Amino acid sequence: MQIVINLHIFGYLCMPLFFTLDNIYNLYKIDPSKTIDGMVILDQSNQPNREYEDHRHQFDGLLLSFLIRGTMKTRIHFLEYDINPTDIVVILPQLMIDVQSASEDAEMITIGLSLDFIASFPNLREFIMNDEIRWHPVIQLKDEDRILQQELLSLLQKSYHKKPSSKKKELLQHLLFALISLISEAYSTHIERKERSKNRTHEIIDDFYVLISKYAIEQRSVKFYADKLHLTPQYLSTLLKKATGKSVLQWIDHILLMHAKTLLKSTNISIKELSNQLHFADSSLFCRYFKRHTGISPKSFRNAS
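All residue numbers for the sequence shown refer to the UniProt record's numbering, where the first residue is 1 and numbers rise by one.
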């Protein structure tokens, strides 16, 4: 069974600016019994004569999209791209995406992974923190790897739609990691890059992303980042809120929580030690912080399947 939907999952005015896998499940009425925790695979076909609204969205996780046929024009992280067959589009968490147009024959396979799923695997966390990918979200594999990519995509789709079983999730994870390894290798070996023009706002946002990725665990004041960027705290906050929909403090929380979730899922260190690593004064303060932002305690998050 394939899910045939409109390519422009980001263009619905009823959707929130930041949306999650649950929003996608609800929007396309996906049978809960056919879903895998933290993952969705969509075979997307464009509806002819679809009007594309100029409405930006951000996905609360990782998107890997593979254009099978047709063409698309999209804006990713404020820069415009022409997407062609065999292109792979890698949308890292919280990047703005705005699909502006697509040909009538456009067909794309998209894999969506939630932040909680990513946090369970350190190698995935390293992947989404890669600045090279952030600034170059469209890539192609070598011819020999492209054949393997097609085979892996086919296996992923077939495995995703097979009946539930005790090993289904594990099988999907192994296939997914193999596919991401191919993409990672392409980024590590692809040297030539076409420089894309960026205005001052884009440069500030990029520089801010680099800073919070490096310092969010230790530095949580707006002034610290504003000083690093040679801006006033008010200007930085206003710019980020307008351009990305999140304030400086919300971005800091986003990165900090990603670190926390990764440590909770991928290590056995105590909550107290984890709190120390994340520079909280004590574990109770961290627990309150984590529950305020996620709705559950760190212990419950760690024990959840």
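Even for Gly, the Cβ is constructed at its ideal location relative to N, Cα and C.
It should be emphasised that the depicted structure is a prediction, and the values quoted were computed from it without experimental measurement.
Cα-Cα separation, residue i to residue j
i	j	result
residue 306	methionine 258	No answer is possible for residue 306: it lies beyond the span of the chain, which begins at 1 and ends at 305.
aspartate 282	asparagine 276	7 Å
leucine 62	histidine 230	31 Å
isoleucine 36	aspartate 227	43 Å
serine 213	isoleucine 118	16 Å
lysine 299	serine 120	14 Å
glycine 295	threonine 262	17 Å
leucine 172	serine 159	7 Å
leucine 156	isoleucine 41	8 Å
aspartate 22	leucine 211	30 Å
isoleucine 139	isoleucine 128	15 Å
alanine 304	isoleucine 255	21 Å
threonine 189	isoleucine 88	16 Å
tyrosine 225	glutamine 250	13 Å
glycine 70	aspartate 131	28 Å
asparagine 46	aspartate 116	Reliability of the predicted coordinates at asparagine 46 is poor, the pLDDT of 47 falling under 50, and the value obtained from them is presented with this limitation in mind. Rounded to whole angstroms, asparagine 46 to aspartate 116 spans 29 Å at the Cα level.
arginine 56	asparagine 84	Caution is warranted here: a pLDDT of 49 is assigned to arginine 56, below 50, making its placement in the model unreliable, and the coordinate value is therefore given only provisionally. Distance between the alpha carbons of arginine 56 and asparagine 84: 21 Å.
glutamine 149	isoleucine 133	18 Å
Beta-bridge pairing of residue i - partner residues as DSSP gives them
i	result
serine 65	Val89, Thr110
valine 248	Its beta-bridge partners do not exist; DSSP assigns none.
isoleucine 139	Ile88
aspartate 82	Lys73
leucine 42	Thr110
aspartate 98	Arg75
isoleucine 36	Met39
Own chain partners of residue i with C-beta closer than 8 Å, once the 5 adjacent residues on each side are dropped
i	result
lysine 241	Ser247
leucine 175	Leu152, Leu155, Leu156, Ser159
isoleucine 109	Ile41, Leu42, Asp43, Gln44, Ser65, Phe66, Ile68, Leu153, Gln157
aspartate 145	Leu182, Glu185, Ala186
aspartate 253	His293
aspartate 54	Residue placement at aspartate 54 cannot be trusted, given a pLDDT of 39 that sits under 50; the coordinates are not used to answer.
threonine 20	Phe59, Asp60, Gly61, Ser114
isoleucine 269	Leu263, Gln277
proline 122	Thr262, Ser266
Close Cβ partners of residue i (< 7 Å) along its chain, the five nearest in sequence each way excluded
i	result
aspartate 207	Leu229
leucine 239	Thr201, Ile204
lysine 223	Pro233
isoleucine 217	Leu256, His259, Leu278, His279
Nearest candidate by alpha-carbon position, reference residue i, set the options
i	options	result
tyrosine 25	Thr86, Ala106, Asp105, Leu113	Leu113
tryptophan 135	Asp143, Met39, Ile212, Tyr81	Tyr81
leucine 177	Glu126, Leu79, Pro164	It should be pointed out that residue 177 corresponds to phenylalanine in this sequence rather than to leucine. Nearest of Glu126, Leu79, Pro164 to phenylalanine 177, Cα basis: Glu126.
isoleucine 76	Gly70, Pro85, Ile91	Ile91
aspartate 98	Thr244, His161, Ser188, Ile111	Thr244
serine 266	Met96, Arg302, Arg288, Tyr235	Arg302
isoleucine 147	Thr86, Phe290, Ser165	Thr86
residue 342	Leu79, Gln219, Thr20, Ser237	No answer is possible for residue 342: the residues shown for the chain start at 1 and end at 305.
lysine 169	Ser221, Lys291, Leu274, Gly38	Gly38
Short CB-CB distance (under 8 Å) between residue i and chain B
i	result
histidine 174	Looking for chain B here will not work: only one protein chain is present.
Own chain residues within Cβ distance below 6 Å of residue i, not counting five before or after
i	result
leucine 124	Ile118
phenylalanine 280	Phe286
serine 179	Residue identity differs from the one stated: residue 179 is leucine in this sequence, not serine. Excluding residues within five positions, the ones whose Cβ falls inside 6 Å are Leu152.
tyrosine 235	none
lysine 291	Ser297
Near the ligand ZN: residue i beta-carbon under 7 Å from a heavy atom
i	result
aspartate 282	The ligand content of the structure shown is nil, which means the ligand ZN is not present either.
request  = Could I get the ranges of all uninterrupted alpha helix (DSSP H) runs contained in the UniProt domain "HTH araC/xylS-type" (206–304), with 4 residues as the minimum, in chain order?
outcome  = Fully enclosed alpha helix (DSSP H) runs of 4 or longer: 222–228, 233–244, 248–266, 271–277, 283–294, 298–303.
Entirely enclosed beta strand (DSSP E) segments - the segment 125–171, minimum 3 residues = Within the segment 125–171, no complete beta strand (DSSP E) run reaches 3 residues.
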